[in-house]
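Asks:
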RNA sequence: GCGGGGGUCGCCAAGUCUGGUCAAAGGCGCGAGGCUCAGAACCUCGUCCCUAAGGGGUUCGUGGGUUCAAAUCCCACCCCCCGCACCA
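Numbering (my numbering), first residue to last: 3 to 974.
1. Please confirm if the region 347 to 365 is in contact with the region 316 to 324, defined as three or more CB-CB distances below 8 Å between the two stretches.
2. Run through the region 567 to 595 for me and flag every whole beta strand (DSSP E) of 3 or more residues, listed as ranges in chain order.
3. Between the alpha carbons of residue 102 and residue 113, how many angstroms are there, rounded?
4. Decide if residue 181 is buried, meaning its Cβ has at least 16 other Cβ atoms within 10 Å, or exposed.
5. Quick one: what does DSSP say residue 498 is sitting in, helix, strand or coil?
6. Helix, strand or coil for residue 790, going by three-state DSSP, please let me know.
7. Got a sec? Which residues, its chain only, sit under 6 Å from residue 43 by beta carbon, not counting five neighbours each side?
8. So residue 400 is in the alpha helix (DSSP H); what residue range does that whole segment cover?
9. Can you grab the Cα-Cα spacing for the pair residue 273 / residue 256, in whole Å?
10. Less than 8 Å between the CB atoms is what I'm expecting for residue 440 and residue 195, so what's the real figure, rounded?
11. What are the start and end residues of each continuous alpha helix (DSSP H) run of 4 or more residues lying completely inside the region 72 to 143, in chain order?
12. Below 6 Å CB to CB, which residues in the same chain sit around residue 740 once its five sequence neighbours on both sides are set aside?
13. Should residue 510 go down as buried or exposed, given a rule of 16 or more other Cβ atoms within 10 Å for buried?
14. With 16 as the cutoff for other CB atoms within 10 Å, does residue 45 come out buried or exposed?
15. Go through its chain and collect everything with a Cβ distance to residue 713's Cβ below 8 Å, but skip five positions before and after it.
16. Buried or exposed: which applies to residue 366, given that a residue is buried once 16 or more other Cβ atoms fall within 10 Å of its Cβ?
17. Leaving out five residues before and five after residue 709 in sequence, what residues of the same chain have Cβ atoms less than 7 Å from its Cβ?
18. Suppose the cutoff is 7 Å on Cβ atoms and the five residues either side in sequence are ignored; what does the same chain contact list for residue 803 look like?
19. Counting C-beta neighbours from all protein chains within 10 Å, is the total for residue 958 16 or more, i.e. buried, or is it exposed?
20. What's the C-alpha gap between residue 392 and residue 400?
21. What span of residues does the alpha helix (DSSP H) with residue 708 cover, start to end?
22. Indicate whether residue 676 and residue 737 have their beta-carbon atoms separated by less than 8 Å.
23. Could you tell me the alpha carbon to alpha carbon distance between residue 856 and residue 938, rounded to whole angstroms?
24. Determine the burial state of residue 828: buried for a count of at least 16 other Cβ atoms within 10 Å of its Cβ, exposed for fewer.
25. Looking at the structure shown, is residue 471 part of a helix, part of a strand, or coil, going by DSSP?
26. I want to know whether the region 145 to 159 touches the region 394 to 409 - three or more CB-CB distances under 8 Å.
27. Mind checking which residues open and close the beta strand (DSSP E) that includes residue 643?
28. How is residue 36 classed by DSSP in three states: helix, strand or coil?
29. Over what stretch of residues does the alpha helix (DSSP H) that includes residue 534 continue unbroken?
30. So if DSSP puts residue 430 in a beta bridge, which residue, or which two residues, is it bridged to?
31. If you check the beta carbons only, do residue 24 and residue 177 fall under 8 Å apart?
32. Whose C-alpha, out of 728, 419 and 147, is nearest the C-alpha of residue 808?
33. Per DSSP, what kind of secondary structure is residue 178 in: helix, strand or coil?
34. Take every Cβ of the region 631 to 639, pair it with every Cβ of the region 63 to 71, and state whether three or more of those distances are shorter than 8 Å.
35. Count Cβ pairs between the region 529 to 536 and the region 581 to 589 that sit closer than 8 Å; are there 3 or more?
36. Here's the rule I'm using: 16 or more other beta-carbon atoms within 10 Å means buried, otherwise exposed. How should residue 386 be labelled?
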């Protein structure tokens, strides 16, 4: 039999919807549980990886619901941001790669892609796609509260949040450098660039050498080497521009000149010259006053910074090598009017002392690496070495003015500061890993973004509040707490708005759109409002500041708020009540990647806006999903869309497969084989359950056997273990117990009590099995809700298992003795098999000899003695022989105690106590009653004797080896 | 560089806080047997090495240490992964 998942799924999905069981409203009689998970960004379909976070949250929601909580589990859609716009643009431009992705991987029909020229169409399309998938996989969401972050009403909410933050002084304005696409006129992040390169912004120092009144700003990362400058490098074949820059005249490369504007300098181009026209002229070092010649070098890149480079041959390998190259072919440079003698006269200046190197570290490294020309790529490495060594252990020499004796790392900062202060230098931001190319094809540059709005997470008072909030929260898994603490510590100002993208405009500065990590931090509160906003058709104009102040903070006068918002007082009160009922969030689920940003902002913003009693209580963080051990990625082609996976494997097996391979914080590994095997396991459970349901359920006169009591008892420990695991969200462990270990117990039970003939003959067994199915179907319901509903219904229950009560651990049903007996039996079989294996014999008859009574006496007494304190073996025997009956046993006792001593001592305390409580087992009876079972298991005749039975058959005299819990064995 | 996580018997992965039935759960893979016309599925057993009757030996990144006892505690070292922002 194969389950038709799609049919079962559809049936129950419809039932859930029509009965509205996942819609939560105020119910003062029931305790609420408010759980949210990060809403999706609809720019692609969900895949299995997304499924993990949501499925985990759903399992959590379903569990709490079964625990009797009034669970609110809602969902929204995060439209805010720029990627959808960028995608739309690329599609409109006919980007083959993206079209192919949409077509082939996302399965979007070509006609639809046409419509995607309108960005909102993309969002709407994937919104529906994702929502459909969430329904299909069985998430127990309250869809009435759904919204998108560009709904006008939501915008009013975000505006309120931002006014609130600004009023508290947490919003500040400032300037900072960003990676920038000059064509798009937008900041660029990693996802905006070809090859997903993050633009690295570096700080060059411009040192302004004076060339006859015009300044030559040499760009350097090492301003402290200004004392070692012997000349200036220009690229002879490049174009340079003389411009008026603010109040000065500058000479920089054509490309560099363009960048100056983006760095907020006023640039007015005056004259273009070729590099070669400047070669041979002299410029003055602004710090030392030394005049140095301008020389040609091919390694100079006019596209990098200003295209003007100062030459420090003593400490910069490039400079040294370029000078050498020049000296080798002086003649070639006569057209520039350079006197060959001049070249010879230029010698490197040593300004930094570095242990392990000569005066000229640059030369040392060039020699070491056997570099022959300035075109040699090894020069990069050489530069890095000199830079790093000098930075960390170099000291400034006596020829460095007021910086003498300083470590290079400090001198570098000082020189920079002094240069900038005295206007002899400037800061110039440049992309270090250039070229970084925007997806539009233009090369990215650095722009100083002016008047940028920031949320000031660097505010110490705010940080204190955030720490306070975090300190009261439950973090699952707990090991992630340090990461939150660290993030709170290093967070500084965070740009919170940009000039483009979907979202809410800053209420006080409409040019700016609030960016996505800032409009998604307290929206959980909005779920409690959106239900009313939708059902009462409340318009954005009604959602004034007063509205939110009243509803969310209880501030203001009801009458007045009612007047301003044109809402009835009752309605306002009702909304306020709903918010107060559900808030704060009891649990927030999200992926690991959001810890250093979203989740920490979530803490900050709650701490800033809400009073402590409304601060969130828990964060649950989960790892990602690997596909058969590999990271999922488009280039591997191993991304399975969620809906496809549901169709292929079934929702329930898929849910289990995503959750069962790793605990929450670890990365889970998905494999189709696993999903299939889970499918099989669920099918078997289904078949088994159906079979059990048909058993006669007249329990009268049922007398449970030991194995019945054992299974009942085991079931209780499974209930206990699963419940404890679920409380800690140790989902994997819960699945392990309810799905795998319980199955093993069941297999043993069925072997022990085969349904011989008609199972109707065994009423006790029917009862046990029914109990088991009844409990198990509920234990599995959060994981495999569809199948469990189906079985639950077949069992004749009226209600739905989704809202049934979670099984309660019943200590009364625990039977320690039954468990010990079964374990003894298993152990005996194991030992027997072991002997058979080692001896390589085909057994005819197997004889068991159970321990003499005195051994049980000594065994139990020993347990008690060892429990009260550590005793050595001598002490133990001494104590035992205080008993006269033991004394009579004599030498046998010594031998026996010697054999059990180590075993007892190594035994876990819990087990010792249990065996002590259980007292003696009637092993003889247990084994004799199980003879039939043992014979079948071992495929031989079985006989059982007591050790003290004088008539026993014992040719090898093995009976004496018997120990409690370990009958002696003889095999013939 | 700073911060976080991790290295366990073919692979994945529990166990580590709270030392002791831990040669170490579970899954996958592999092997044998059962079932079957056959196969798949399923069930049972096995899957570090040795074994002489239920036993022994060597294992949990590496090297030391503490302890009657260490995967687990302490010290040092090696290796791997992730984050460091204006972006969802």
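We put the CB at the ideal spot given by N, CA and C, even for glycine.
Replies: Reading from the atomic positions:
1. yes
2. 589 to 593
3. By one-based count along the first chain, residue 102 stands at place 100. By one-based count along the first chain, residue 113 stands at place 111. Approximately 13 Å between the Cα atoms of the pair.
4. In the first chain, the residue the question calls residue 181 occupies position 179. Classification for residue 181: buried.
5. Translated into positions along the first chain, residue 498 becomes position 496. Looking at residue 498 - three-state DSSP - the assignment turns out to be coil, as it is neither helix nor strand.
6. Here residue 790 is taken as the residue at index 788 of the first chain, counted from 1. Here residue 790 sits in helix by DSSP.
7. Counting from 1 along the first chain, the entry for residue 43 is found at position 41. 80, listed in sequence order.
8. The residue labelled residue 400 in the question sits at position 398 within the first chain. No alpha helix (DSSP H) holds residue 400; DSSP gives it neither H nor E.
9. If you number the first chain from 1, residue 273 lands on position 271. If you number the first chain from 1, residue 256 lands on position 254. Using only the alpha carbons, I get a separation of about 10 Å.
10. As a first step, residue 440 is located in the first chain; it is residue number 438 there, counting from the start. As a first step, residue 195 is located in the first chain; it is residue number 193 there, counting from the start. The Cβ separation is near 6 Å, so the contact holds.
11. 85 to 94, 98 to 102, 112 to 117 and 121 to 138
12. For the purposes of this step, residue 740 is taken as the residue at position 738 of the first chain. Only 724, 781 and 782 meet the Cβ criterion.
13. Against the first chain, residue 510 aligns to sequence position 508. By the neighbour-count rule (16 or more Cβ atoms within 10 Å), residue 510 is not buried but exposed.
14. Taking the first chain and counting its residues from 1, one reaches residue 45 at position 43. Under this definition residue 45 is a buried residue.
15. Walking along the first chain from the start, residue 713 turns up at place 711. So the list reads 747, 748, 751, 770 and 774, once near-sequence residues are dropped.
16. Numbered from 1 along the first chain, position 364 holds the residue referred to as residue 366. Classification for residue 366: buried.
17. Locating residue 709 in the first chain gives position 707, counting from the first residue. The residues are 751, 754, 755 and 824.
18. If you number the first chain from 1, residue 803 lands on position 801. Contacts found: 779, 780, 783, 790, 791 and 794.
19. If you number the first chain from 1, residue 958 lands on position 956. Counting Cβ neighbours within 10 Å, residue 958 comes out exposed, since fewer than 16 surround it.
20. For the purposes of this step, residue 392 is taken as the residue at position 390 of the first chain. For the purposes of this step, residue 400 is taken as the residue at position 398 of the first chain. Approximately 16 Å, taken between the alpha carbons.
21. Your numbering for residue 708 matches position 706 in the first chain. Segment 708 to 729, the alpha helix (DSSP H) holding residue 708.
22. To locate residue 676, count along the first chain from 1; it is residue 674. To locate residue 737, count along the first chain from 1; it is residue 735. The answer is no: Cβ separation not under 8 Å.
23. Walking along the first chain from the start, residue 856 turns up at place 854. Walking along the first chain from the start, residue 938 turns up at place 936. Each residue's alpha carbon lies about 32 Å from the other.
24. Reading the first chain from its first residue, position 826 is the one you call residue 828. Exposed, by the Cβ-count rule.
25. Reading the first chain from its first residue, position 469 is the one you call residue 471. Three-state DSSP puts residue 471 in a helix.
26. no
27. Counted from its first residue, the first chain places residue 643 at position 641. It is not in any beta strand (DSSP E) - residue 643 carries neither H nor E in the DSSP assignment.
28. If you number the first chain from 1, residue 36 lands on position 34. It is a strand residue.
29. Along the first chain, one-based indexing puts residue 534 at 532. Its alpha helix (DSSP H) spans residues 526 to 537.
30. Residue numbering aside, residue 430 sits at position 428 when the first chain is read from its first letter. The partner list for residue 430 (beta bridge, DSSP) reads 206.
31. As a first step, residue 24 must be located in the first chain, where it is residue number 22. As a first step, residue 177 must be located in the first chain, where it is residue number 175. Going by C-beta atoms, residue 24 is not nearer than 8 Å to residue 177.
32. Taking the first residue of the first chain as 1, we reach residue 808 at position 806. Ranking 728, 419 and 147 by Cα distance to residue 808 puts 728 first.
33. Your numbering for residue 178 matches position 176 in the first chain. Strand at residue 178.
34. no
35. yes
36. Here residue 386 is taken as the residue at index 384 of the first chain, counted from 1. Residue 386 is exposed by the Cβ-count criterion.
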